[in-house]
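Engineer: Chains as they are written, first to last, in our numbering: chain A, 187 to 441; chain B, 6 to 102; chain C, 6 to 627; chain D, 626 to 1139. The following block contains the structure, expressed as structure tokens.
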Amino acid sequence: MTTFWIVAPLIVLASLGLLFARKAVHAALGLAVVMIGLAVLYAVQDAPFLFAVQIIVYTGAIMMLFLFVVMLVGVDSGVSLRETLSGQKVAAAVVGIGFGLLLVLGVAQLSLGPVTGLAEANQHGNVYGLAELMFGPFVLAFQFTAALLVTAVLGAMVLAHRERLTPRSSQAELAAQRLRDYAESGKHPGNPPTPGVFARHNAVDSPALLPDGSPAPGSVPDSLVDRGQVLDVTTDDVDDVHRQIGRRGEGEDEK
Amino acid sequence: MNEYLALSMILFTIGAVGVLVRRNAIIVFMCVELMLNATNLALVSFSRQHGNLDGQLAAFFVMVVAAAEVVVGLAIIVSIHRARRSVSVDDAHLLNL
Amino acid sequence: MFDYVWLLVAFPAAGAALLLTWGKESDRFGHLIATVASALSFVWGLVLFIGLLGRDGDDRSITDSLFTWFSSGAFHVEMSLVFDPLSALFVLLITGVGTLIHVYSIGYMEHDERRRRFFAFLNLFIAAMLTLVLAGDYLVLFLGWEGVGLASYLLIGFWQHKPSAAAAAKKAFVVNRVGDLGMALALMLMFAQFGTTSIQLVNDSVGSASAGVATALGLLLLLGACGKSAQVPLQSWLLDAMEGPTPVSALIHAATMVTAGVYLVVRSSGVYDASEVARTAVVVVGLVTLLVGAYIGCAKDDIKKALAGSTMSQIGYMMLAAGLGPYGYAFAIFHLITHGFFKANMFLGAGSVMHGMNDDVDMRHYGALRKAMPVTFATFGLGYLAIIGFPGFSGFFSKDKIIEAALGENLWVGLAALLGAGVTAFYMTRLMAMTFFGEKRWRDEVHPHESPRVMTIPLIVLAAASVLGGLLLLGDWITDWLEPVVGHTEHHELAVPPIVISLIVTAVVAVGVAVGWFTYGARAVDDTAPTKVSPFTRAGRADLYGDAINDVVVVRPTMALARGLEWFDRRGLDAFAVGVGSRLGELAQGLRRSQTGYVRTYALGIFIGALVLTLALMAVTF
Amino acid sequence: MLTLLAATPLVGALLVTLLPRGDAAAQRRAKYVAFAVSIVALGLSLGLLAGYDVESGGYQFTVQEDWIGQLGAHYALGVNGIGLTLILLTSILTPIVILASFNDVLPGRRSANSYFAWMLVLEGLALGVFAATDVFLFYVLFEATLVPIYFLIGSYGGEGRQRAAVKFFIYNLLGGLLMLASVVGLYVVSRDAGEPSYLLSDLMALDIDGTTEKLLFVGFFAAFAIKAPLWPLHTWLPDAAKSATPGTSVLMVSVIDKVGTFGMIRWCLEIFPNASEWASPVVMVLAVISIVYGALAAIGSDDIRRLIAYTSVSHFGFIILGIFAFTTTSTAGSVLYMFNHGLSTAALFLVTGVMIARRGSASIGAFGGVQKIAPVLSGVLLVAGLSSLSLPGLAPFVSEFMVLAGTFTRSIPLATIATLGIVLAALYILIMYQRTMTGPLQPQSAVVTDLDAREVGALAPTLVLIIGLGFFPQPLLDVINPAADRVVERVGVGDPPPETGVAPPSDDDHEGGH
């Protein structure tokens, strides 16, 4: 019982995180807490196999999938929390609270009698007991889950797969295209300069410098530009370097 | 016993409300998972109440189905995101004429 | 022999069917077929008539039941023909005059490209008219009744390319339909009352029914008779009907069809004998029409319309006589026959005049035609003498008898009839004077000439009949002949001997002739109608405003109602029905708005549903 | 026999559908096959007539198989004099319509195959409806007839066809659903009385409680009143007739609408005699309103097809009046009227259809003086019109007079007002004839050419029948009378005897003496 009263509030708090978290990552973390908490409750309730499966499948596999997808679609591609459907939040809250209260009160009314406990069922071990059932009376359902999983995998592949609609361009075609672009729009046919060329640093956030000392556009990844994390480059950088290394320019040496 | 069930109900309700109010498809999905887990808890509790393992087995099957569902569901989300650059469930309202 | 009475109808009917279905190749000889068919009918009618003469007075009614027309429940109608003294006379009149007019039409319609069809319609008319007079059942009579109406419709509108002719034809049919309303209701009443529409059975048993039934029957039949015989208030179609070819006017709208109403009243003598009220109504209708027709006849410059007014007036005489009951039935028929002769004669004469005058009908363009058309003049003149009742001519006897009977019944009725005789003399003199005497007022391009032999011979025959028709009264032959059918009673003893009455009538006629002659014969006649005339003349020219009254009281309200209802049907009833549908559609549109397409709304719905379901479960459980 | 008769057109329809389509030759083949099938059906129904024992009357050629045992539904067919009359009408009109529709201009590139196939389907279903002696079977077929008409109007009609088809369908479906409620109610009643059965004979034996009977009656009657159509439920008809091809209009008005009046006799009167008697005053008043209203609206119409539709409303008023007057004469008259009205309306629709197709307009004002260039056409129109205004000597007169005379014995005022209809009938027909056919030839209507041999061939049978039945309706009445007698007996009001009895005409009275 002690375990329950410790774990249960945690679970509820974490689950509320699902409702209120701004970022999907935080919600996912909340869900992970809930799942682990539930795993603990399974263990408390004489279900060690499910405890393990809960940890492995849910927390290990499913939650990871969630996190992957969150990464894939962008951590920041969160959706505004402002409700667009009028009354939806209020209605959801009212109905939710009403529903919850109703169920909880209903459950509270119940008297289920003494708990039988699983001592007898688990006498040869919990896993053994489950296996008896799974490969006994429920073997057909088990087979169906296999089919279901295969179908799900195939479905996921179909959904995630993108059909190539045009033939792959050959090297020659690519080159021709590049020169055509240069002729038509003046786009540079070569590789764009990598960050740090002729610059003070070769870090990824420092733009390459053109011969006149100005930064070359397109040499820094767009994401850094968007975030404003590009190093400031001014023309007197060169002079600054000279000053720092304590040497004057070669022209001055001649003086 | 009742407290387990009550917890299960609360989690289920929270999950359901989450489905209603969140617009991020991923979070909506998580809420669905939460609801599934809530029922699992109830199943496991009843298993103990009745002293047989049928409930636990049912919970196991739910987990399998949930896994399959998540795989497909997330794939759908990804492909929608690829097509529409959005994961808001409200953007997919083509049912409206 | 009498088993073949139906041949009378069959000849012209076959002729009509043949001519209507045969193609163009029969154009050359179609008119001959029709004429022969009509003549055959006449000859057969004559044979039957002679056969009838050879029988005893009580044995002169032959019923020939051809087949059961229809029978259902209590209703049983035999297609039966009755050949008795009354119908025999009619058969001879119809086929006789009809055949003459067929012959006349050969000449009159010579240049019409649709002559074959004209003769087909004439044959159709003869067949229908014979059905009418031979019918042994009111429903069969109705068949003929409508048949002649159809023929009349087709023949009035024969020159369909003239809108006026088409309109007149339609008007004739529709006005007649109003009369048919009465006929149809009378038939239903007979069925409801007596369970039969057999003429004999109805007339035999009407006495045992209540007086109200007899009166109702009498009035309803009178309504029918008014329609067919152009009696007030259904008189308005007859003048328009003059749009038809002149032989048609002579045959249908003077000699035969329009007298069908009189025939109907006489044929239903049993009904009228049983109801004083109905008889009085007939007398009133006859009297009013007599005077109205005479009035109109005085005001018309169109020769055919003047004659049509005269026809109305003369039929008024017949109606009047028929309304006198057993005193007058025989005289009504007598006048009907003599009128058939002299009026057909005069119409054909008018046709002959028009034929020579390039179809001009305005009498003000005639004048002094006696030289140009001697035969026409002579025959027309004989007809004229007959109609005004010149002593010794047929009209003298027939009209005289009617006036005499009327005086015997009621002094005022008799005086009115007497006045009518004077007016008749006036307008007929006017017509004579304007057409055949005075200065010639022809248009330059017109060269009046006598009509061909084929047209004048019928005129001569009819003129002879007009003169000699009075012989039928010889030794009271006609009353004796008709007695088995309609009965006959001598009218009340008069205050003065009949010869005095005849003298008075003759004197009145002489006055009428004198006034007519001094107004139109001795003075020059304008060749355009004077426009500044008294209101009385204007009223006469406008047919005493019959059309205007019909227009205001019936036609316009009906048409307005029809258009209104049609509009109401589209915009009212239908719009209501469609509106219910549209409102439902709009309701659905409103409901559709709840389907936002947002998954979360639907989820909310599911959730609410779950809540309600749980509540319900709990409510049931606890 | 009946099954064969009803199945022939259906199989024929399948055949026509499966024929190759496309070029003109294929279309011609489809037409000829459809025509041949309808002629075969006509032959079969004439065989039916020959085999029908007029003397004994009643239901003959009966077939009865269990269909849906739980519902008590049977596949039960049989004809009495009334059904036989209408079966004859259907099978006579279909070949005429198909022949007359050979050159109907179909919108777009729709195939002629389906057009004629739908017509045959309609014929088959109509024959089934008239032969069904099981309510359930009747109901199914009754509703099924909507489908062919829906497509005939909606796919092949003229301007506004979609809307008219939908209106037709919804209107009639509504009635059908009301009837369905009553059909279900009948099941309950008959189950409560023992075994559920939808057989006419079983239902007639039921003793239905008064209120229930009235409610069930209303359901049936509403469906039939819409179909018939009775004022004020008629508004679908003018639109449908305006948008349909002439052939469709004929099948719809002359055949399918008769199902309404037929249903009133077969089902309303026979199953619910007491309720019918209860409702008859209202129904008779509505019928009289229909007569006068339809006639007036026809006078006010400018569109020839709407005009004819309104005349039909008026004529259906007469039919319904006769049915609910409950006299042998009027009931037999109504049945005969159904037949005659079918003929005269068919002639009217088809001949005006020719005019309209040639002229390209249905407005009365678009014609004028056509008689001059198309004498045969105008003659046919005149005869058809005269039959519509019930000229004695043409078929409808006898039936109309029987209806009126029968009604007169029941209610003098109603009969009198209904008789007004004959005056109005003269107006609507003659005004139309006058304005389209007579007068000087209008230049714009000079395109109307006279009927060709095929059109004359299609119309001639109707005219021959109209004239023939005008003089010799008795053979048909002999078939109808026993059935009409039985219906009146079933309602139990009985023919009112003549007020003043007349000794039955003996031979002495009649012959007069030779």
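Just so you know, even glycine gets a beta-carbon here, dropped at the ideal spot from N, CA and C.
1) Determine the direct distance from the alpha carbon of GLU784 (chain D) to that of GLY676 (chain D), and round the result to whole angstroms.
2) Counting contacts by CB-CB distance shorter than 8 Å, is ARG576 (chain C) in contact with chain B?
3) Can you tell me where the alpha helix (DSSP H) with THR429 (chain C) in it begins and where it stops?
4) Take the Cβ of ASP928 (chain D) as the centre, count every other Cβ of all protein chains shown within 10 Å, and call the residue buried at 16 or more, exposed below.
5) By Cβ distance, which residues of its chain are closer than 6 Å to ALA470 (chain C), with the 5 residues on each side in sequence left out?
6) Going by the DSSP bridge assignment, what does MET84 (chain C) pair with across the sheet?
7) Quick check on the DSSP output: the alpha helix (DSSP H) that includes LEU395 (chain A) runs from which residue to which?
8) Quick check: what's the CA-CA separation for GLY5 (chain C) versus ALA191 (chain C)?
9) Taking the straight line between their C-alpha atoms, what separation do you get for VAL226 (chain A) and VAL383 (chain A)?
10) If you draw a straight line from the C-alpha of TYR9 (chain C) to the C-alpha of ILE131 (chain C), how long is it?
11) Pull the bridge partners of VAL698 (chain D) from the DSSP assignment, please.
12) Would you please verify whether the beta carbon of GLY1138 (chain D) is less than 8 Å from any beta carbon of chain C?
13) Please confirm whether ASP1120 (chain D) has its beta-carbon closer than 8 Å to some beta-carbon of chain C.
14) Since LEU752 (chain D) and ALA698 (chain D) should fall inside the 8 Å C-beta cutoff, what is the C-beta to C-beta distance between them, to a whole number of angstroms?
15) Taking 8 Å as the CB-CB limit, is PRO1038 (chain D) close to chain C?
16) Apart from the five residues just before and just after MET6 (chain C), which ones in its own chain have a Cβ nearer than 8 Å to its Cβ?
17) Would you kindly work out how many angstroms separate the C-alpha atoms of VAL138 (chain C) and SER70 (chain C), rounded to a whole number?
18) In chain order, what residues of the segment 237–252 of chain C put their CB closer than 8 Å to some CB of chain D?
19) Identify, in the order they occur along the chain, each residue of the same chain with its Cβ nearer than 8 Å to the Cβ of ILE408 (chain C), setting aside the five sequence neighbours on each side.
20) If you measure between the beta carbons of LEU48 (chain B) and ALA72 (chain B), is that distance less than 8 Å?
21) According to the Cβ coordinates, are LEU975 (chain D) and VAL875 (chain D) closer than 8 Å?
22) Quick check on SER43 (chain C) - is its C-beta less than 8 Å from some C-beta in chain D?
23) Quick check on ALA608 (chain C) - is its C-beta less than 8 Å from some C-beta in chain B?
24) Using the beta-carbon of each residue, which ones in chain A are nearer than 8 Å to LEU596 (chain C)?
25) Please confirm if the segment 844–862 of chain D is in contact with the segment 576–586 of chain C, defined as three or more CB-CB distances below 8 Å between the two stretches.
26) Does the beta-carbon of HIS387 (chain A) have 16 or more other beta-carbons within 10 angstroms, so that it is buried, or is it exposed?
27) Output yes or no for whether 8 Å exceeds the beta carbon distance between LEU831 (chain D) and VAL808 (chain D).
28) Checking contacts by CB at 8 Å: is PHE949 (chain D) closer than that to chain C?
29) Which stretch, first to last residue, makes up the alpha helix (DSSP H) that contains CYS36 (chain B)?
30) Any residues in the segment 922–950 of chain D with a beta carbon nearer than 7 Å to a beta carbon of chain C? Which ones, in chain order?
31) So, is ALA621 (chain C) buried or exposed, given that buried needs 16 or more other C-beta atoms within 10 angstroms?
32) Spatial neighbours of MET368 (chain C) within its chain, please: CB distance less than 6 Å, with the 5 preceding and 5 following residues excluded, ordered by chain position.
33) Give a yes or no on whether 8 Å exceeds the smallest Cβ distance from ASP439 (chain A) to chain B.
34) To the nearest whole angstrom, what separates the beta carbons of SER1015 (chain D) and ILE1047 (chain D), a pair I think is in contact under 8 Å?
35) Against chain C, which members of the segment 279–313 of chain A pass a CB distance test of less than 9 Å?
36) Quick one: is GLY1138 (chain D) buried, meaning 16 or more other Cβ sit within 10 Å of its Cβ, or exposed?
Structural biologist: Once the coordinates are examined:
1) 45 Å
2) no
3) 416–441
4) buried
5) PHE346
6) C:PHE72
7) Unbroken run through LEU395 (chain A): none, as it is neither H nor E.
8) Summary: the structure shown does not reach residue 5 (chain C), with chain C confined to residues 6 through 627, and so no result is reported for it.
9) 56 Å
10) 17 Å
11) In the sequence as presented, Val is not what sits at residue 698 (chain D); that position holds Ala. D:ILE693, per the DSSP bridge assignment.
12) Unreliable placement is indicated for GLY1138 (chain D), whose pLDDT of 36 sits below 50; the coordinate value is still reported in the next sentence. Interface residue, yes.
13) yes
14) The pair is not a contact, with the Cβ atoms about 19 Å apart (cut-off 8 Å).
15) no
16) VAL52, LEU53, GLY56
17) 15 Å
18) none
19) GLY419, ALA422, LEU423, ALA426, ILE506, VAL510
20) no
21) yes
22) No - not a single Cβ of chain D is within 8 Å of the one on SER43 (chain C).
23) yes
24) Simply none; closest approach about 18 Å.
25) yes
26) By the neighbour-count criterion, in which 16 or more other beta carbons inside 10 Å mark a residue as buried, HIS387 (chain A) falls on the exposed side.
27) no
28) no
29) The continuous alpha helix (DSSP H) containing CYS36 (chain B) extends over residues 30–55.
30) ALA922, ILE924, GLY925, SER926
31) exposed
32) Counting only Cβ-Cβ distances below 6 Å, and skipping sequence neighbours, we find ASP306, ILE308, MET439, THR440.
33) Residue placement at ASP439 (chain A) cannot be trusted, given a pLDDT of 49 that sits under 50; what the coordinates show is reported in the next sentence. Not closer than 8 Å to any Cβ of chain B, the Cβ of ASP439 (chain A) fails to qualify, so no.
34) 6 Å
35) VAL281, GLY282, GLY284, PHE285, LEU288, LEU289, GLY292, GLN295
36) Its pLDDT being 36, under 50, GLY1138 (chain D) is placed unreliably in this model, and the coordinates cannot settle the point.
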